[in-house]
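Numbering (my numbering), first residue to last: 20 to 93. All C-beta atoms in this analysis are idealised placements derived from N, C-alpha and C, irrespective of residue type, glycine included. Predicted, not measured: the structure shown is a model, and the values here were computed from it. Note sheet for the following structure.
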């Protein structure tokens, strides 16, 4: 709903409690939710990289990840 602009981001049910805690409120019981969080689409991304590079942030050589690996090609 947020990505189609039918809802505001603050209505998404996600809240930063502090620098290390994220609270997610689900509409219904979702037993597979924690497993979904292991998908790379939910990994945190460097906001500074996106602010600096815009749509180019995901290209090889620009991607800042959370590990010791570098994206060489897509």
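Give a yes or no on whether the C-beta atoms belonging to residue 81 and residue 68 are separated by under 9 Å. The residue you call residue 81 lines up with position 62 of the chain shown. The residue you call residue 68 lines up with position 49 of the chain shown. Against a cut-off of 9 Å, the Cβ pair of residue 68 and residue 81 comes out as a contact.
Can residue 105 and residue 21 be called in contact, C-beta distance under 9 Å? The chain is shown from 20 up to 93; residue 105 falls before or after that span and cannot be answered.
Segment limits, alpha helix (DSSP H) that includes residue 54: Within the chain shown, numbered from 1, the residue matching residue 54 stands at position 35. Unbroken alpha helix (DSSP H) run through residue 54: 52 to 55.
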